[in-house]
């Protein structure tokens, strides 16, 4: 039963994220290698954007009191209630609740690993963590591969691919693979919803309608 449930969630995740892409069109440091939840492509092998990571963490309340719900309120602004209602209708109340728990754990675990590796975060976040639209745009741009948005590439750019992979392993241990796949699927949907709400292009810039 658990295997069937995981298969179903993986199918949802792959549908949300899209299929593989041609490596000739990929951005620098994005390579056409299989991922756990995004199909045959892609991973990001470059250095992480730690100023963006810090901005996201501070938008969620800071390292010691990070809350995904707080982050979503900043990112969505006036769209918060509508986005929560949409995700709840699309995935279910329990699944969205688990997504919030998983995301909280992802940030805490990532910061723990960063601390253990003695990786220093920058002194200043970028963009301004109070500017939800700018932060949404920067996160959207961080997920670009050259052929569209990919949540796993965004997470690679936030913390590096090795740390992202370690965190996924830790999610599996704490919550299970189904919750891990669901987390990636819901995060992908939320990011695509933000891009639509703010009319973002691939560089994360708002376009006039």
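In this note's numbering, the protein residues as written are 1466 to 1674. Backbone N, C-alpha and C fix where the C-beta goes; we use that ideal spot for every residue, glycine too.
Residue of 1536, 1555, 1596 and 1620 minimising C-alpha distance to residue 1654: Within the chain shown, the letter at position 189 stands for residue 1654. Measuring from the Cα of residue 1654, the nearest candidate turns out to be 1555.
Alpha-carbon to alpha-carbon, residue 1553 and residue 1564: Stepping through the chain shown from its first residue, residue 1564 is reached at position 99. Stepping through the chain shown from its first residue, residue 1553 is reached at position 88. When rounded, the distance between both Cα atoms is 11 Å.
Beta-carbon proximity check, residue 1518 vs residue 1586, cutoff 9 Å: Mapped onto the chain shown, residue 1518 falls at position 53. Mapped onto the chain shown, residue 1586 falls at position 121. Yes, these two residues count as a Cβ contact at 9 Å.
Where residue 1663 sits in the DSSP three-state scheme: Your numbering for residue 1663 matches position 198 in the chain shown. Helix, per DSSP.
Within-9 Å CB hit, residue 1666 to chain B: Within the model displayed, chain B is absent; a lone protein chain is all it includes.
Closest residue to residue 1513 among 1567, 1629 and 1669 (Cα-Cα distance): Mapped onto the chain shown, residue 1513 falls at position 48. Per the Cα distances, 1629.
Counted within 10 angstroms of its Cβ, other Cβ atoms place residue 1590 as buried (16 or more) or exposed: For the purposes of this step, residue 1590 is taken as the residue at position 125 of the chain shown. Result: buried.
Touching by the beta-carbon criterion (3+ pairs, under 8 Å), the segment 1634 to 1654 and the segment 1569 to 1576: The answer is yes - the segment 1569 to 1576 touches the segment 1634 to 1654, with three or more Cβ pairs under 8 Å.
For residue 1668, the residue or residues it bridges with in DSSP: Looking up residue 1668 in the chain shown gives position 203. Bridge partners of residue 1668: none, in fact.
Expected contact under 8 Å - CB spacing of residue 1616 and residue 1495 to nearest Å: Counting from 1 along the chain shown, the entry for residue 1616 is found at position 151. Counting from 1 along the chain shown, the entry for residue 1495 is found at position 30. With a Cβ gap of about 13 Å, residue 1616 and residue 1495 do not count as contacting.
Collapsed DSSP secondary structure at residue 1508 in the structure displayed: Walking along the chain shown from the start, residue 1508 turns up at place 43. Three-state DSSP puts residue 1508 in a strand.
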